[in-house]
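Residue numbering for the sequence shown is 710 to 973, as defined by the numbering used here.
Ideal placement from N, C-alpha and C gives every residue a C-beta, glycine not left out.
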Amino acid sequence: MAKTEQEKKNAKYWKDRAIRMEEGKEAQAEALSKRTQRMYKRSYKRLEQDINALYAEILDKGIENISATQLYDLNRYVELRAQVGELIKGLSIELEIQLGDLLLNISIDTIKENGLEFSTGFNMFNEYQANEIAKQNWSGVKFSDRIWGNANDFNTRVMTDIEKLIVEGKTPEQLKKQLIKDFSVSFNEADRLIRTESSRVYNQAALQSYIDAGCTEVDYLAESDCCDLCEPYKDRRFPIYEAPFIPVHPNCRCTYLPVIETMS
Ligand SMILES: [Zn+2]
């Protein structure tokens with residue numbers, strides 16, 4: 710590592726920098742989470758209109774104690790099912806695109822910023838590395854596969870609840886209440902995925918650039934109120950290739966702190 714300029718930077722400088730960069734990543738994840746929440750709200754509103762239309766049709770036809778079979782004969786029910794599928798598909802496509810963009814940005818920005826800090830630059834190979842890091846997965850499942858898996862469960866949950874609650878004779882308000890719950894379960898999954906994947910990409914990109922800069926060790930910088938899973942690593946120093954994989958768990962906010970040779 711080049712001396713002089715780097716040498717002047719003390720432990721506080723590196724720690725503040727690591728915290729600032731980690732927080733920057735978190736702010737980006739938060740922004741996507743907020744956008745996603747708005748998309749969920751808009752989608753739910755669309756569904757509400759279709760539910761009202763379906764209840765109106767049931768009332769219109771004077772059907773009492775409707776059965777599942779009778780439901781399938783109603784145009785509005787068939788339309789509602791199609792609408793649920795479309796809305797969930799739309800939410801998932803949007804999340805897949807936006808999260809993919811975010812992860813790539815985080816990866817490139819982190820490697821670029823560290824390349825500047827450590828004077829290692831940013832070349833075509835670094836760009837390739839950034840792409841690879843953004844595409845990898847955390848728990849054996851790619852983020853896009855997880856999005857579509859979640860979408861499938863979400864669809865099943867919503868369809869089951871609609872059919873069940875209507876057949877049970879529940880009011881539109883009761884059904885809407887349940888659907889708001891279903892939507893919020895799904896949004897929470899999306900939110901967790903956004904934050905966890907952002908942490909994964911940020912930390913793996915940072916680690917890669919520390920390796921490229923010639924760092925041989927990192928300190929484990931735990932979030933202030935870290936959980937039992939992260940506690941054993943807190944403030945410990947690791948050879949860079951033996952550092953625990955961050956995120957340690959979903960929503961983990963811990964990060965790596967590069968150990969700079971010239972630091973005393
Ligand atoms: Zn943690």
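Element boundaries [alpha helix (DSSP H), containing residue i]
i, result
"Thr964", "It is not in any alpha helix (DSSP H) - Thr964 instead sits in the beta strand (DSSP E) that spans 964-967."
"Tyr989", "Limits of the chain in this structure are 710 at one end and 973 at the other, which puts residue 989 out of reach."
"Asp934", "Element bounds for Asp934: n/a, residue is neither H nor E."
"Asp921", "881-921"
"Thr865", "852-876"
"Glu773", "Where Glu773 is concerned, there is no enclosing alpha helix (DSSP H), given that its DSSP letter is neither H nor E."
"Asp810", "784-826"
"Glu735", "720-769"
"Phe834", "833-844"
Close Cβ partners of residue i (< 8 Å) along its chain, the five nearest in sequence each way excluded
i, result
"Gln917", "Ile820, Gln838, Ile842"
"Ile815", "Lys734, Gln737, Ala843, Ser907, Val910, Tyr911, Ala914"
"Leu884", "Ile760, Asp870, Ile871, Leu874, Ile875"
"Glu755", "It should be pointed out that residue 755 corresponds to Arg in this sequence rather than to Glu. The residues are Gln792, Leu796."
Residues of its chain near residue i, where Cβ-Cβ distance is below 6 Å and the 5 sequence neighbours each way are ignored
i, result
"Ser853", "Glu805"
"Glu826", "none"
"Val867", "Val793, Asp891"
"Glu766", "Leu783, Arg785"
Contact belief for residue i with residue j at Cβ below 8 Å, rounded distance in angstroms
i, j, result
"Leu966", "Ala727", "5 Å"
"Ile682", "Pro881", "The structure shown does not extend to residue 682, since the chain is modelled only from 710 through 973, so no value can be given for it."
"Ser752", "Leu796", "4 Å"
"Ile817", "Glu836", "7 Å"
"Cys1023", "Cys963", "The structure shown has nothing for residue 1023, since the chain only spans 710 to 973."
"Glu926", "Val957", "Actually they do not touch by this definition, with Cβ atoms about 19 Å apart."
Beta-carbon proximity list for residue i, same chain, < 7 Å, skipping 5 on both sides
i, result
"Ile920", "Ile949"
"Tyr786", "Leu763, Leu780"
"Asn960", "Arg901, Arg904, Thr905"
"Arg855", "Leu902"
Short CB-CB distance (under 7 Å) between residue i and chain B
i, result
"Val850", "Checking the listed chains, one finds no chain B in this structure; it contains a single protein chain."
Original post:
Below 8 Å, can you find three or more Cβ-Cβ pairs linking the region 745-753 to the region 796-803?
Top reply: yes
Original post:
For the region 924-934 against the region 872-879, are there 3 or more C-beta pairs whose distance is under 8 Å?
Top reply: no
Original post:
Any contact of the region 949-969 with the region 856-875, i.e. 3+ C-beta pairs under 8 Å?
Top reply: no
Original post:
Does the count of Cβ pairs from the region 771-789 and the region 884-899 closer than 8 Å reach three?
Top reply: no
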